[in-house]
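Notes follow the structure.
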Amino acid sequence: MYLWIKTLHIAAVISWMAGMLYLPRLFVYHADAQRNGEASTTFRVMERRLLKGIMNPAAAVSVLAGAWLAWDAGLWRDGWFHAKVALVILLLVFHIFLSRQARAFQEDRNRHSSRFYRLINEIPAVLMLGIVALVVIKPWL
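Adding 18 to a residue's 1-based position in the sequence shown gives its number in our numbering.
What follows is the structure, encoded as structure tokens:
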């Protein structure tokens, strides 16, 4: 059962990260689009579908499957795993931030520039690199 859960976890993480990297990019273009224009309407639909159809379910499956794997393998006592969990929590906080930004775009309340979204687009990539490095290298055993 462990390998099936691990497979599910990896697939969910890939899906979640794809969304985490793509949604801020959509915000870059949406921030430059004319409010209530055709492009803005299209971006709203794309952002909502990405968030609700892919990112939210993938995040939930990633966390639940990851918790099961950690419990099954007894990782809760390892220092590297504590650091990984800290980075995953930061990723979840960023996910919540992106959800709020999507809501702001839905309600025409966006207050940030496309430059802002270009800069924050790098956050999930940096967190992902840290998480992958911790899982592969496993320092602080």
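Glycine residues also receive a C-beta, built at the ideal position from the N, C-alpha and C atoms.
Whose C-alpha, out of the options, is nearest the C-alpha of residue i?
i: GLY97; options: LEU152, HIS27 and ARG129; result: LEU152
i: VAL144; options: HIS27, GLN52, LEU68 and MET35; result: MET35
i: PHE123; options: LEU21, TYR20, ARG43 and ARG53; result: ARG53
i: ARG62; options: ILE149, GLN119, PRO142 and PRO157; result: GLN119
i: TYR20; options: ALA91, ASN128, HIS130 and ILE138; result: ALA91
i: LYS70; options: GLY37, TRP86 and LYS156; result: GLY37
i: ILE149; options: LEU41, PHE115, VAL103 and PHE112; result: VAL103
i: LEU110; options: TRP86, PHE134 and MET146; result: MET146
i: GLY55; options: ASP126, LEU159 and PHE134; result: ASP126
i: TRP158; options: PHE99, ASN128 and TYR135; result: PHE99
Find out if the Cβ-Cβ distance for the pair residue i, residue j is shorter than 9 Å.
i: SER33; j: MET64; result: no
i: PHE45; j: LEU116; result: yes
i: ASN139; j: PRO75; result: no
i: TRP94; j: ALA88; result: yes
i: ALA77; j: HIS113; result: yes
Please list, in chain order, all residues of the same chain as residue i whose beta carbon is under 7 Å from its beta carbon, the five residues on each side excluded.
i: SER80; result: HIS27, ALA30, VAL31 and TRP34
i: ALA83; result: ILE23, LEU26, HIS27 and ALA30
i: ALA57; result: ALA51
i: HIS163; result: Any answer about residue 163 is impossible in this case: the structure gives the chain only from 19 up to 159.
Less than 8 Å between the CB atoms is what I'm expecting for residue i and residue j, so what's the real figure, rounded?
i: PRO142; j: LEU68; result: So it is not a contact: roughly 13 Å between Cβ atoms.
Taking 6 Å as the limit between beta carbons, can you name the residues of its chain near residue i, skipping five residues before and five after?
i: HIS48; result: PHE61 and PHE123
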